[in-house]
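Protein chains in written order, with the working numbering: chain A, 1 to 205; chain B, 1001 to 1205. Read through the structure below, which is laid out as structure tokens, and then see the notes.
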């Protein structure tokens, strides 16, 4: 099993505006099925986002290479979660997503290169938050899930760095202000109440 | 390097309505750049098609598993062709596609389960033809390309079988007539003249 280094995890936790609220962890312990089903779907979505960026940017070799590898890893994770869902007697189905990604994407600038840069920053936040959630869940779940979540951390941490590296490379200007801006939106999404429990939902309402 | 067995190749050649016309091979020898660029793009498209089927059929575990692995393999191939494009001094860009896939997709039935079954049969034809083209090209290209094309055969042959197995599983009736029907369309596409040379184009006009 590949393990994430504490240094890599620290960079990512420093990037995120807040930690997962304990109330979300408590809720997750009661919602194993929703957690697995939604996680499985999000792996598909992550692969689709990466592939979409590849179709959009055929002229950017570094993006093509990083996004293709990222999509392959997300699909591998999808297969693993899907196997776990079947093993635990659940039936995979697509649940209505949380508002998390939608709230971040709503802030993406319309014009290029801002649109691409913001999309990549949003990608970095989603990967970083996913990594942080897996790390937060790992000590509380059963051994099989704990080992599995631990195994995901390393690639999620690398995906976060890849998205951020690409955003910085294509911006042509410092991206600190945009990162701060999206950090505020992200924090609001994570710390505000959500009716429905999901992998990226806020505090259980 | 994984090599395809002659038996697997024979099943696939038996499925296809015709072999690639020698005039297409001759043209391919003069169009290395177009061949590589279009091949690279088609790997992306194959991954997108597989991922699209996954979003469409969350209730079909066998399809999810096969299409996820297929998408990962197509993305790995994309990365390899993309590396080769750069190594040979070409610049990757997306070229207008040939009419091949469009002609097949135009025959897909609109209503379910016919729509899904036909889509899977079209997938089988595209994979089978791609495999046949790589096998046909391998003896004529330089050693690096020949080894690369040889390495693709095994997975393309497996993808062909996966698509056909899934079409058969979800049809609820024999699919021989639909296979024959699409075979006629496919043969017409491969044996009719095409203005533009592409990986799946017909006879050079």
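Where is the CB? At the ideal position from N, CA and C, for every residue including glycine. Remember, predicted model here, so these are calculated numbers, not experimental data.
Residue from the options with nearest C-alpha to residue i
{"i": "residue 72 (chain A)", "options": "B:1050, B:1062 and B:1092", "result": "B:1050"}
{"i": "residue 1099 (chain B)", "options": "B:1008, B:1187 and B:1007", "result": "B:1187"}
{"i": "residue 1197 (chain B)", "options": "B:1088, B:1035 and B:1141", "result": "B:1035"}
{"i": "residue 29 (chain A)", "options": "A:195, A:148, A:192 and A:142", "result": "A:142"}
{"i": "residue 1079 (chain B)", "options": "A:179, A:191 and A:61", "result": "A:61"}
{"i": "residue 102 (chain A)", "options": "A:86, A:112, A:113 and A:123", "result": "A:123"}
{"i": "residue 1136 (chain B)", "options": "B:1022, B:1081 and B:1014", "result": "B:1022"}
{"i": "residue 130 (chain A)", "options": "A:40, A:48 and A:111", "result": "A:40"}
{"i": "residue 4 (chain A)", "options": "A:132, A:84, A:85 and A:86", "result": "A:132"}
{"i": "residue 195 (chain A)", "options": "A:24, A:48 and A:111", "result": "A:24"}
{"i": "residue 1180 (chain B)", "options": "B:1014, B:1007, B:1111 and B:1008", "result": "B:1014"}
For residue i: DSSP bridge partner residues
{"i": "residue 1194 (chain B)", "result": "B:1204"}
Cβ neighbours of residue i in the same chain (closer than 6 Å, five flanking residues each side left out)
{"i": "residue 1 (chain A)", "result": "Its pLDDT being 46, under 50, residue 1 (chain A) is placed unreliably by the model, and nothing is read from it."}
{"i": "residue 1070 (chain B)", "result": "1050 and 1159"}
{"i": "residue 178 (chain A)", "result": "121"}
{"i": "residue 47 (chain A)", "result": "71, 74 and 75"}
{"i": "residue 1006 (chain B)", "result": "none"}
{"i": "residue 1008 (chain B)", "result": "1157"}
C-beta atoms of residue i and residue j nearer than 9 Å
{"i": "residue 58 (chain A)", "j": "residue 1056 (chain B)", "result": "no"}
{"i": "residue 1160 (chain B)", "j": "residue 1128 (chain B)", "result": "yes"}
{"i": "residue 157 (chain A)", "j": "residue 12 (chain A)", "result": "yes"}
{"i": "residue 42 (chain A)", "j": "residue 140 (chain A)", "result": "no"}
{"i": "residue 1075 (chain B)", "j": "residue 75 (chain A)", "result": "yes"}
{"i": "residue 64 (chain A)", "j": "residue 1082 (chain B)", "result": "yes"}
{"i": "residue 162 (chain A)", "j": "residue 54 (chain A)", "result": "no"}
{"i": "residue 190 (chain A)", "j": "residue 121 (chain A)", "result": "no"}
{"i": "residue 1113 (chain B)", "j": "residue 1172 (chain B)", "result": "yes"}
{"i": "residue 45 (chain A)", "j": "residue 97 (chain A)", "result": "yes"}
{"i": "residue 1090 (chain B)", "j": "residue 1027 (chain B)", "result": "no"}
Residue i: CB within 8 Å of a non-hydrogen atom of the ligand NAP
{"i": "residue 19 (chain A)", "result": "This structure simply doesn't include the ligand NAP, nor any ligand for that matter."}
Chain-order list of residues whose beta-carbon lies under 7 Å from that of residue i (same chain, five-residue window excluded)
{"i": "residue 125 (chain A)", "result": "104, 182 and 186"}
{"i": "residue 1077 (chain B)", "result": "1043 and 1152"}
{"i": "residue 38 (chain A)", "result": "95, 198 and 199"}
{"i": "residue 1108 (chain B)", "result": "1115, 1118, 1119 and 1122"}
Nonlocal neighbours in the same chain, by C-beta distance under 8 Å from residue i, ignoring five residues either side
{"i": "residue 1134 (chain B)", "result": "1149, 1150, 1152, 1153 and 1156"}
{"i": "residue 1193 (chain B)", "result": "1202, 1203, 1204 and 1205"}
{"i": "residue 1084 (chain B)", "result": "1036, 1144, 1145 and 1148"}
{"i": "residue 184 (chain A)", "result": "17"}
{"i": "residue 31 (chain A)", "result": "197"}
Interface partners of residue i on chain C, CB under 7 Å
{"i": "residue 1155 (chain B)", "result": "The structure shown has no chain C; the protein chains it does contain are A and B."}
Could you tell me whether the region 1159-1177 of chain B touches the region 1100-1118 of chain B, where touching means 3 or more Cβ pairs closer than 8 Å? The answer is yes - the region 1100-1118 of chain B touches the region 1159-1177 of chain B, with three or more Cβ pairs under 8 Å.
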